[in-house]
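To keep things clear, I will list the structure first and then write my remarks on it.
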């Protein structure tokens, strides 16, 4: 099908974009990479009267590091993120996750911010943002700036804490210390599909003990899900005394998977348990 | 609804047009500019048939608005061959490996492979095979496409056994 008619603006500044969003009073939609929005428009599941295309706003681009944190401009293309040397060394988990987003052709347009701001519960980037403790900086014409932790951002499938007049201007991802190991696992029916079960996270090991853990599921509930009980159980533990199966059980206990035409919730839990236990073992056995 | 003036380069020729905001790039390329080598399959980003190059990168032209291509350089399958009757190496390899049957998905497949093989350095087999996951082909069973992709990555393949 073809999209329903809409007005289209491609502002060149953040101020202009926020002004348009405020003026539209909820009738506008932000167009970033368009790799999810364009299908929704074509299927007429989304019919905004105004499309605010943010692709020409230079201030929303770029990747930089400062004070233990990486700043990613939201309209950084997914394939740009994969090719970026700074991101490769500062945020290896994020780069691994991005490689699993969609296909090569969609990653050439799709953006980091678009995926994070959309909040698809089975997508790789929202869960990875939650696991790493990332946050988004947003701007609105009336209320100025605020910062939202990824953990607080996701309320339900495609529902986020973002207000209709807010634009994500920066994504801040903390850099994890030396000695951090990364784990990323995804079960999907085909490359490029959303996950049936996905796991992403970071575990810092110091002197043979876990000093920090950030773990999150995707495809295991209505939002990305932080595996809080498993994180707590890992803290302070010696690597040689870990009960992988017991921690996997705790990790799955925090999930709320659903039945759909691809898999039952019980299937997701069963796969999740095994995936988690195996990933934990492999990640902690590997040399950092 | 708003109309927008756009100026873009398609297959080396400059185009000026006035487009509605909602017009997709694939419909613009086919309907307005006449490049019907751009095949439109699913119209919502699943099948990959409409893949073209925008500024040298393979993208799905149904997932981009024509107005967004303002100032860009677009290459469709019509722009690949040098025009003297010779096929582009990607087209030639797909032909030799029987990488198509009905041909509907082929322009998209060609454009992804052409985009990834245009640099000085040959891409890895893994890169090309993974990129093929972005295309749906209902005829070939993918084996011919796969062989063509592997050859484009520089692999030498044993000939397919003749069961005739």
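Protein chains in written order, with our numbering: chain A, 218 to 505; chain B, 14 to 177.
Beta carbons: idealized from backbone N, C-alpha and C, even for Gly.
On a predicted model such as this, the values are computed, not experimentally measured, just so you know.
Top-ranked residue by Cα proximity to residue i, from the options
i                      : options                    : result
residue 407 of chain A : A/430, A/395, A/318        : A/318
residue 366 of chain A : A/381, A/344, A/375        : A/344
residue 588 of chain A : A/471, A/416, A/445, A/500 : For chain A, the structure presents residues 218 to 505; residue 588 of chain A sits outside this window and is missing.
residue 154 of chain B : B/165, B/111, B/168, B/175 : B/111
residue 218 of chain A : B/67, B/55, B/116, B/120   : B/55
residue 38 of chain B  : B/138, B/48, B/78          : B/78
residue 23 of chain B  : B/16, B/17, B/50, B/15     : B/50
residue 503 of chain A : A/351, A/338, A/422, A/347 : A/422
residue 384 of chain A : A/277, A/495, A/497, A/267 : A/277
residue 375 of chain A : A/461, A/463, A/335        : A/335
residue 123 of chain B : B/71, B/28, B/15           : B/71
residue 495 of chain A : A/403, A/483, A/435, A/470 : A/403
residue 162 of chain B : B/88, B/113, B/68          : B/113
residue 444 of chain A : A/348, A/228, A/231        : A/348
residue 399 of chain A : A/221, A/312, A/269, A/490 : A/312
residue 15 of chain B  : A/307, A/231, A/249, A/269 : A/269
residue 48 of chain B  : B/69, B/76, B/87           : B/87
residue 466 of chain A : A/351, A/475, A/487, A/478 : A/487
residue 428 of chain A : A/440, A/393, A/233, A/478 : A/393
residue 80 of chain B  : B/106, B/96, B/117, B/29   : B/29
residue 267 of chain A : A/464, A/314, A/274, A/248 : A/248
residue 179 of chain B : B/96, B/109, B/98, B/25    : Here chain B covers residues 14 to 177 and nothing more, so residue 179 of chain B does not appear.
residue 136 of chain B : B/167, B/151, B/157        : B/167
residue 424 of chain A : A/395, A/230, A/342, A/388 : A/395
Terminal residues of the beta strand (DSSP E) in which residue i lies
i                      : result
residue 155 of chain B : That residue, residue 155 of chain B, is in no beta strand (DSSP E); it is neither H nor E in DSSP.
residue 418 of chain A : 414-423
residue 245 of chain A : 245-248
residue 66 of chain B  : 64-67
residue 431 of chain A : 426-435
residue 33 of chain B  : 26-33
residue 53 of chain B  : Counting along the chain, residue 53 of chain B falls outside any beta strand (DSSP E), and DSSP gives it neither H nor E.
residue 267 of chain A : 267-270
residue 224 of chain A : 224-226
Beta-carbon separation (whole angstroms), residue i vs residue j, contact threshold 8 Å
i                      : j                      : result
residue 265 of chain A : residue 253 of chain A : About 14 Å; that fails the 8 Å criterion.
residue 473 of chain A : residue 431 of chain A : Actually they do not touch by this definition, with Cβ atoms about 19 Å apart.
residue 129 of chain B : residue 140 of chain B : 6 Å
residue 142 of chain B : residue 160 of chain B : In fact, because the Cβ distance is near 11 Å, the residues do not count as touching under 8 Å.
residue 294 of chain A : residue 327 of chain A : 7 Å
residue 82 of chain B  : residue 21 of chain B  : 5 Å
residue 292 of chain A : residue 330 of chain A : 6 Å
residue 73 of chain B  : residue 63 of chain B  : 6 Å
residue 17 of chain B  : residue 225 of chain A : 7 Å
residue 332 of chain A : residue 340 of chain A : 6 Å
residue 397 of chain A : residue 420 of chain A : 7 Å
residue 446 of chain A : residue 462 of chain A : That belief does not hold up - the Cβ atoms of residue 446 of chain A and residue 462 of chain A are roughly 14 Å apart, past 8 Å.
residue 434 of chain A : residue 489 of chain A : 7 Å
residue 416 of chain A : residue 493 of chain A : 6 Å
residue 353 of chain A : residue 370 of chain A : 7 Å
residue 272 of chain A : residue 227 of chain A : 7 Å
Residue span of the alpha helix (DSSP H) that contains residue i, given as start and end
i                      : result
residue 493 of chain A : 482-502
residue 18 of chain B  : Counting along the chain, residue 18 of chain B falls outside any alpha helix (DSSP H), though it belongs to the beta strand (DSSP E) covering 16-23.
residue 257 of chain A : 254-259
residue 346 of chain A : 341-349
residue 120 of chain B : 119-129
residue 140 of chain B : 138-144
residue 235 of chain A : 231-241
Quiz item: Hey, is the segment 140-148 of chain B in contact with the segment 92-102 of chain B, meaning 3+ C-beta pairs nearer than 8 Å?
Solution: In the pairwise beta carbon analysis, the segment 140-148 of chain B is classified as not touching the segment 92-102 of chain B: fewer than three pairs are separated by under 8 Å.
Quiz item: What are the uninterrupted segments assigned as alpha helix (DSSP H) that are 4 or more residues long and contained completely in the segment 354-403 of chain A, given in chain order?
Solution: 367-370
Quiz prompt | Touch test, the segment 18-36 of chain B against the segment 441-460 of chain A, Cβ-Cβ under 8 Å, three pairs minimum | solution = no
Quiz item: On the three-pair Cβ rule with 8 Å, is the segment 411-422 of chain A touching the segment 323-336 of chain A?
Solution: no
Practice problem: Go through the segment 59-108 of chain B residue by residue and report every complete run of the beta strand (DSSP E) that reaches 3 residues or more, in order. | Solution: Correct list: 64-67, 70-73, 86-88.
Quiz prompt | beta strand (DSSP E) runs contained entirely in the segment 441-479 of chain A, provided each spans 3 or more residues | solution = none
Exercise. Answer yes if the segment 42-55 of chain B comes into contact with the segment 99-107 of chain B, meaning at least three C-beta pairs across the two stretches below 8 Å, and no otherwise.
Key: no
Quiz item: Using 8 Å as the Cβ pair cut-off and three pairs as the minimum, do the segment 354-366 of chain A and the segment 229-244 of chain A touch?
Solution: yes
Quiz item: Is the number of C-beta pairs between the segment 278-287 of chain A and the segment 51-62 of chain B that are closer than 8 Å three or more?
Solution: By the criterion of at least three beta-carbon pairs nearer than 8 Å, the segment 278-287 of chain A is not in contact with the segment 51-62 of chain B.
Practice problem: Report yes or no: do three or more beta-carbon pairs, one from the segment 299-308 of chain A and one from the segment 259-273 of chain A, lie closer than 8 Å? | Solution: no
Exercise. Return the chain-ordered ranges of every alpha helix (DSSP H) run that is complete within the segment 280-328 of chain A and spans a minimum of 4 residues.
Key: 295-300, 302-307, 309-316, 321-324
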